[in-house]
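Notes for the one structure printed next.
See below:
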């Protein structure tokens, strides 16, 4: 099981895999956002307010999902740290 974490710009990003999903979470002072994809890595990305929260939107591209996650956190997408294991998310 892959599990990695990186912090930059006061944002902590954590990537991990469950039995069914690849999950990338962001936390900025208690405000959270999550991007999830099926474990096989070929489905659309789901943006959620938390890792297990209700889906807000789906995106094909990782950049668009990161834009939405950054919006939820109130930061620029360029401020989001992305663990190396999560860099290939998206279609």
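Numbering (this note's numbering), first residue to last: 1437 to 1527. Where is the CB? At the ideal position from N, CA and C, for every residue including glycine. Just so you know, these numbers come straight off a predicted model, no measurement behind them.
By a C-beta neighbour count over all protein chains shown, 10 Å radius and 16 as the cutoff for buried, is residue i buried or exposed?
{"i": "residue 1451", "result": "buried"}
{"i": "residue 1514", "result": "exposed"}
{"i": "residue 1510", "result": "exposed"}
{"i": "residue 1461", "result": "buried"}
{"i": "residue 1522", "result": "buried"}
{"i": "residue 1478", "result": "exposed"}
Check residue i in the structure and name its three-state DSSP category.
{"i": "residue 1446", "result": "coil"}
{"i": "residue 1522", "result": "helix"}
{"i": "residue 1476", "result": "coil"}
Going by DSSP, name the residue or residues bridged to residue i.
{"i": "residue 1481", "result": "1495"}
{"i": "residue 1453", "result": "1458"}
For residue i and residue j, I'd like the C-alpha separation in whole angstroms.
{"i": "residue 1476", "j": "residue 1520", "result": "17 Å"}
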